[in-house]
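Chains A and B, in that order, are what the protein sequence lines are. Heads up: the first sequence at position 26 corresponds to 26 in my numbering, and the numbers run straight through without jumps. Quick note, my numbering runs 1000 ahead of the 1-based positions in the second sequence.
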Amino acid sequence: MLELANIRKAFNQGQHNEYWALKGIDLEIPPARVNVLKGPSGSGKTTLLTILGCLARPTEGRVRLKGEDISGLPERFLTEIRRSTFGFIFQQFNLVRGLSAIENIILPGYPTGTPRARLVERAEALLADMQLSHRRDAKVEWLSGGEQQRVAICRALINDPEILVADEPTANLDSKLSAEFLAILRRLAEAGRTVILTSHDPLVVESEVVDRVYSLRDGQLIEVVDTRRAWP
Amino acid sequence: MNRWIEKQRHLIDFTASSLARRKGKSLGLLVVYTLLVFVLASVSLYTHALRNEATRVLAGTPEVVLQRLIAGRHDLIPPGYIEKIGRVRGVQKIEGRLWGYYYDSVLKANYTFMVPSDRRIAEGEIVVGPALERSRGLAEGNGISFRAYSGELHTFIVSEVLAHESELVNADLVLMSEADFRRFFAYPDGHYTDIALWVANPQEVRNVGLKLINALPDSRPILREEVLRTYASIFDWREGMMLALLSAAILAFGIFAWEKAAGLSAEEKREIGILKAIGWETGDVIAMKFWEGFLVSLLAFLLGYVAAYVHVFHFEFALFAPVLQGWAVLYPSFALTPKIDGLQVATLFVFSVLPYTAATLVPIWRAATTDPDTVMRS
Ligand SMILES: Nc1ncnc2c1ncn2[C@@H]1O[C@H](COP(=O)(O)OP(=O)(O)OP(=O)(O)O)[C@@H](O)[C@H]1O
Ligand SMILES: [Mg+2]
Chain A
1 MLELANIRKA
11 FNQGQHNEYW
21 ALKGIDLEIP
31 PARVNVLKGP
41 SGSGKTTLLT
51 ILGCLARPTE
61 GRVRLKGEDI
71 SGLPERFLTE
81 IRRSTFGFIF
91 QQFNLVRGLS
101 AIENIILPGY
111 PTGTPRARLV
121 ERAEALLADM
131 QLSHRRDAKV
141 EWLSGGEQQR
151 VAICRALIND
161 PEILVADEPT
171 ANLDSKLSAE
181 FLAILRRLAE
191 AGRTVILTSH
201 DPLVVESEVV
211 DRVYSLRDGQ
221 LIEVVDTRRA
231 WP
Chain B
1001 MNRWIEKQRH
1011 LIDFTASSLA
1021 RRKGKSLGLL
1031 VVYTLLVFVL
1041 ASVSLYTHAL
1051 RNEATRVLAG
1061 TPEVVLQRLI
1071 AGRHDLIPPG
1081 YIEKIGRVRG
1091 VQKIEGRLWG
1101 YYYDSVLKAN
1111 YTFMVPSDRR
1121 IAEGEIVVGP
1131 ALERSRGLAE
1141 GNGISFRAYS
1151 GELHTFIVSE
1161 VLAHESELVN
1171 ADLVLMSEAD
1181 FRRFFAYPDG
1191 HYTDIALWVA
1201 NPQEVRNVGL
1211 KLINALPDSR
1221 PILREEVLRT
1231 YASIFDWREG
1241 MMLALLSAAI
1251 LAFGIFAWEK
1261 AAGLSAEEKR
1271 EIGILKAIGW
1281 ETGDVIAMKF
1291 WEGFLVSLLA
1301 FLLGYVAAYV
1311 HVFHFEFALF
1321 APVLQGWAVL
1331 YPSFALTPKI
1341 DGLQVATLFV
1351 FSVLPYTAAT
1361 LVPIWRAATT
1371 DPDTVMRS
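Below you can see the structure in the form of structure tokens.
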């Protein structure tokens, strides 16, 4: 699905505080699986995730999406790919305060020019799937943490992306909600979506829903473990 | 194309709901902006209407008006005077005029009594301006008495009320026949108030003026072009335009400074980060903000302009009249003819909506071009 070849990422390149957060990473993300990036704080998980999700460009190396090299594409095309192929879930949920749940969910659909009625219809289906239909018109700041998380998932799915990317998605959830969240990810993967998340939460890393774990340390990939089932 | 329209609709939706979410800031901005447009449009509408009025007043007046002076004071034109002028070359038409002021002690108002040259009025009848119609409740067929300076009472029948369309000119007019006029003011036969001269060639006017002074040393010619110039210096549309442009510049600057000072709140920056991360392009964010600026300034423009229209044409420019005393004292009270000039509206629109819309885009530019991954680290 996604392939990285010799990815290196520098912050503040050429300045006195130049810092290499990723130092040559090769990996392959298989489709329709739950993938977890783990590692100590500062090891480069978030940085790697932003490159996988086309939110940032690597300083060196190639990114291939479904066999196509996308690392050299201009910003516009990258945004287009990000919009159509990726859905994002953030640690702070990053919902827009003051807007209702449904309005937050349809936001990523705006730039596509899809008619509002279609977007709302899709969002309602997603809300129903997450058992959130009754909170449809509630302002997001009134929702509980778990509800906000599920709204964020709906928003990530509104453009029907093949790949779902989440940075520390369970950091703000208790164990029960984390487990529910992982179950949702499982369902999504089984429905054919590729899931990539970062976590240093053992509950996530050791969860049985996870297919593959990538261990990072000091900007390098030190171990890849297939945890769940045999690979074809 | 359809998608593009649909997208703009989404962006406008989002912008409208953002404005609603930030009610305080949006309303404050709208009020300040509307007020500024209101001031600008009021001044602009007022000067424009006045200028129109003045042009109309002067259109029918003669090129030269000749007064006679005695010891520096305006005096009556004696008989034989007009005949002397007849020999001045370049003069097309000469006419002795009869007019004067009458103080109505009942209403404590001044009227202008006049014998019209372009129409005949039967003896015993008068034609009155709209001010008299209003203040004395006159209508066609009514009788009215004026006490002459001699003390006798003269009664007239109102045969007509003048049209309202140019009140500045004829509000306080009372037109009557020559015989009535002379009788009422005990005006000696053959005497006139002043002399009107029509000169065919505009180039000749100045010469005619000089010749008149030479031929009649006790006279003072008043040239229309001089009056026009005086009027023009007050009403000239270029000056109005300058005023509009200047104020627009100040307005744009004020709003820009305000916007700068207020800047983008942390909340707005966060929102832009989110939008970019979930797949909005820089261009989408900027387009969204463009709509915001456009909606606010358009609304302010409409509100301000309508308010200014009402202010100028229904409340007689009441708020600023004291500031513009110079014009107000010409005629203490009169209703202007409502008039909207397309070019004027367009100028006002361009110079109020564009700068603000542009100004809102500047701070957004930097926020919108930040890398989408920054949202991961907030
Ligand atoms: N914009 C930046 N400028 C400079 N250095 C940065 C920037 N972003 C990240 N870094 C550095 O890169 C390194 C990797 O950061 P990253 O956020 O990827 O770590 P992480 O594994 O996600 O850590 P955590 O578990 O704490 O989230 C860190 O040392 C961090 O300080
Ligand atoms: Mg991180």
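Ideal Cβ placement from N, Cα and C applies to all residues, glycine included.
Item	Value
Quick one: measure Cβ to Cβ for B:A1196 and B:V1065, integer angstroms, because I've assumed they're closer than 8 angstroms.	6 angstroms
Count the other CB atoms, across all protein chains shown, that sit within 10 Å of the CB of B:K1289; report buried if there are 16 or more and exposed otherwise.	buried
So B:M1288 is in the alpha helix (DSSP H); what residue range does that whole segment cover?	1282-1313
If you measure from each residue's Cβ to the nearest non-hydrogen atom of ligand 2, which ones come out under 7 angstroms, in chain order?	A:K45, A:T46, A:D167, A:E168, A:T198
By Cβ distance below 8 angstroms, which residues in the same chain neighbour B:A1186 in space, the five residues on each side in sequence not counted?	A1148, Y1149, S1150
By alpha-carbon positions, which one of B:V1161, B:Y1111, B:R1097, B:S1135 ends up nearest to B:E1125?	B:V1161
Is the beta carbon of B:T1034 sitting closer than 7 angstroms to the one on B:L1098?	no
Would you tell me roughly how many angstroms separate the C-alpha atoms of B:E1281 and A:I106, rounded to the nearest one?	16 angstroms
On a Cα-Cα basis, can you pick out the residue from A:R64, A:V96, A:E60, A:F90 that is closest to B:R1022?	A:V96
Measuring from the CB of A:Y19, is there a heavy atom of ligand 1 at a distance below 6 angstroms?	yes
Under DSSP, the beta strand (DSSP E) around B:P1221 begins and ends at which residues?	1219-1223
With the cut-off set at 7 angstroms, would you say A:K9 and A:L27 are in Cβ contact?	no
Is A:D42 near ligand 1, judged by its Cβ being under 6 angstroms from some heavy atom?	According to the sequence displayed, residue 42 of chain A carries Gly and not Asp. Yes, since a heavy atom of ligand 1 falls inside the 6 angstroms radius drawn around the Cβ of A:G42.
What does A:R76 reach in chain B if we use C-beta pairs closer than 7 angstroms?	E1281
Can you tell me the Cβ-Cβ gap for A:G233 and A:N12, rounded? I've got them flagged as a contact below 8 angstroms.	The shown model of chain A, from 1 to 232, leaves out residue 233 of chain A, and the question about it has no answer.
List the residues of chain B whose Cβ lies closer than 9 angstroms to the Cβ of A:N172, in chain order.	Here the premise fails: no neighbours, minimum Cβ distance about 14 angstroms.
Which residues in the same chain have their Cβ closer than 6 angstroms to the Cβ of A:A230, if we skip the five residues on either side of it in sequence?	Interpretation of A:A230 is limited by its pLDDT of 45, a score under 50 that renders its predicted location unreliable; the figure taken from the coordinates is listed afterwards. The answer is none, since no qualifying residue turns up.
So, for B:P1372: in the same chain, excluding its five sequence neighbours on each side, which residues have a beta-carbon less than 8 angstroms away from its beta-carbon?	G1273, K1276, A1277
With three or more beta-carbon pairs closer than 8 angstroms as the criterion, would you say the stretch 1341-1357 of chain B touches the stretch 1067-1079 of chain B?	no
Kindly list the residues whose CB is nearer than 6 angstroms to the CB of B:A1020, restricted to its own chain and excluding five residues on each side of it in sequence; keep chain order.	none
Could you pull out every residue in the same chain whose Cβ sits closer than 8 angstroms to the Cβ of A:T194, ignoring the five residues on either side in sequence?	M1, L2, I29, P30, P31, A32, R33, N35, E162, I163, L164
Which of the three DSSP states, helix, strand or coil, is assigned to B:N1002?	helix
If we count Cβ pairs, one from each stretch, closer than 8 angstroms, do we get three or more for the stretch 1034-1052 of chain B versus the stretch 1312-1320 of chain B?	yes
Of all the CB atoms in chain A, is at least one closer than 7 angstroms to the CB of B:I1272?	no
Could you check what DSSP says for A:Y19 in three-state terms: helix, strand or coil?	strand
Going by alpha carbons, who is nearest to A:T213 out of A:L37, A:G72, A:A156?	First, the amino acid is wrong: residue 213 of chain A is Val here, not Thr. A:V213 has its Cα closest to that of A:L37, out of A:L37, A:G72, A:A156.
State yes or no: is the beta carbon of A:N104 nearer than 7 angstroms to at least one beta carbon in chain B?	no
Taking its Cβ as the centre, do 16 or more other Cβ atoms sit within 10 Å of B:S1333, making it buried, or is it exposed?	Its pLDDT being 48, under 50, B:S1333 is placed unreliably in this model, and the coordinates cannot settle the point.
Assess contact between the stretch 64-82 of chain A and the stretch 128-144 of chain A, defined as three or more Cβ pairs (one per stretch) separated by less than 8 angstroms. Is contact present?	no
Evaluate the contact criterion for the stretch 1110-1123 of chain B versus the stretch 1173-1192 of chain B: three or more CB pairs, one atom per stretch, below 8 angstroms.	yes
Which residue marks the beginning of the alpha helix (DSSP H) containing B:K1108, and which one marks its end?	B:K1108 -> no alpha helix (DSSP H), and no H or E assigned at all.
Could you say which of A:L99, A:G145, A:V120 lies nearest to A:K176 if we only look at CA atoms?	A:G145
Whose Cβ in chain B lies nearer than 9 angstroms to the Cβ of A:G219?	Here the premise fails: no neighbours, minimum Cβ distance about 16 angstroms.
Going along chain B in order, which residues have a C-beta closer than 7 angstroms to the C-beta of A:A56?	D1371, D1373
Measure the CB-CB distance between B:L1421 and B:G1209 and report whether it falls below 7 angstroms.	Because chain B spans 1001 through 1378 in this model, residue 1421 of chain B falls outside it and cannot be assessed.
Between which two residues does the beta strand (DSSP E) holding A:D226 run?	220-226
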